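Here's the structure, in structure tokens; my notes come after.
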Amino acid sequence: MLLHTPPCESGWKAIDFVLKDGSGHSFSLEELKGHNGTVVAFISNHCPFVVEIAELLSSEAKALKKMGVAVVAIMPNNYQYVQLDSPENMILFSEKYGFEFPYLVDETQEIAKAFGAVCTPDFFGFNAQLELQYRGRIDEGELTAAMATVAKTNSGPVEQRPSKGCSIKWR
């Protein structure tokens, strides 16, 4: 089912979290955040919309890192329901697309709910103080352009197009 994300509600503060990657290593948002901003991307392995943008996400994450913007991806789906989204398959997906950022699993789905994630992919761009400034698409350079603005001005662009993707597979 194709879903679109709601408009950006600028300014709300990201909650810190501690989640594990597919290998069981724990990471917190506080330790992962970038000094000029942070992108939290809710993605999954099986969603065709994510597969379509996975290489772009990998390359844009490298460009963002050079701007001092960190990227972290979170897999929110119930992987008991969709085996392709299992932690083992997350490792393979990350390797296939050359992710140089943590790809974490939200076992309880509490973080996805707290962020208000509705689909995969769903991109949240935060400034250096972890205040939401962007919620939109990655394609056509939108994510990188938005986060370049956030890195320079601490605020996101006025115009933002919603992301589109597969529904999150809730428990």
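Numbered per our numbering, the sequence shown spans residues 68 to 238. Think of the CB as a built atom: it goes at the ideal place given N, C-alpha and C, for glycine as much as any other residue. Remember, it's a predicted structure, so these values are computed and weren't measured experimentally.
Exercise. In whole angstroms, what separates the C-alpha of residue 116 from that of residue 127?
Worked result: Looking up residue 116 in the sequence shown gives position 49. Looking up residue 127 in the sequence shown gives position 60. Distance between the alpha carbons of residue 116 and residue 127: 16 Å.
Exercise. Should residue 169 be labelled buried (16 or more other beta-carbon atoms within 10 Å of its own) or exposed?
Worked result: Counting from 1 along the sequence shown, the entry for residue 169 is found at position 102. With 16 or more other Cβ atoms within 10 Å, it is buried.
Problem set entry | Cβ neighbours of residue 82 in the same chain (closer than 6 Å, five flanking residues each side left out) | Along the sequence shown, one-based indexing puts residue 82 at 15. 181.
Problem set entry | alpha helix (DSSP H) segment containing residue 160, residue limits | Your numbering for residue 160 matches position 93 in the sequence shown. Taken as a continuous stretch (DSSP letters only), the alpha helix (DSSP H) holding residue 160 covers 154-163.
For this session: Between the Cα of residue 203 and those of 212, 196, 197, spot the shortest distance and give me the residue it belongs to.
Result: Locating residue 203 in the sequence shown gives position 136, where the first residue counts as 1. Nearest option by C-alpha distance: 212.
Exercise. Just curious, the alpha helix (DSSP H) that residue 120 is in, first and last residue?
Worked result: Residue mapping note: residue 120 aligns to position 53 of the sequence shown, counting from 1. Per DSSP, residue 120 belongs to the alpha helix (DSSP H) from 115-133.
Exercise. Can you pull the DSSP bridge partners for residue 202?
Worked result: To locate residue 202, count along the sequence shown from 1; it is residue 135. Beta-bridge pairing links residue 202 to 191.
Exercise. Closest to residue 187 by CA distance: which of 172, 230, 194 is it?
Worked result: Here residue 187 refers to the residue found at position 120 when the sequence shown is read from its first residue. Of the candidates 172, 230, 194, the one whose C-alpha sits nearest the C-alpha of residue 187 is 230.
Exercise. Whose C-alpha, out of 167, 72, 96, is nearest the C-alpha of residue 80?
Worked result: By 1-based counting over the sequence shown, the position of residue 80 is 13. For residue 80, the nearest C-alpha among the options comes from 96.
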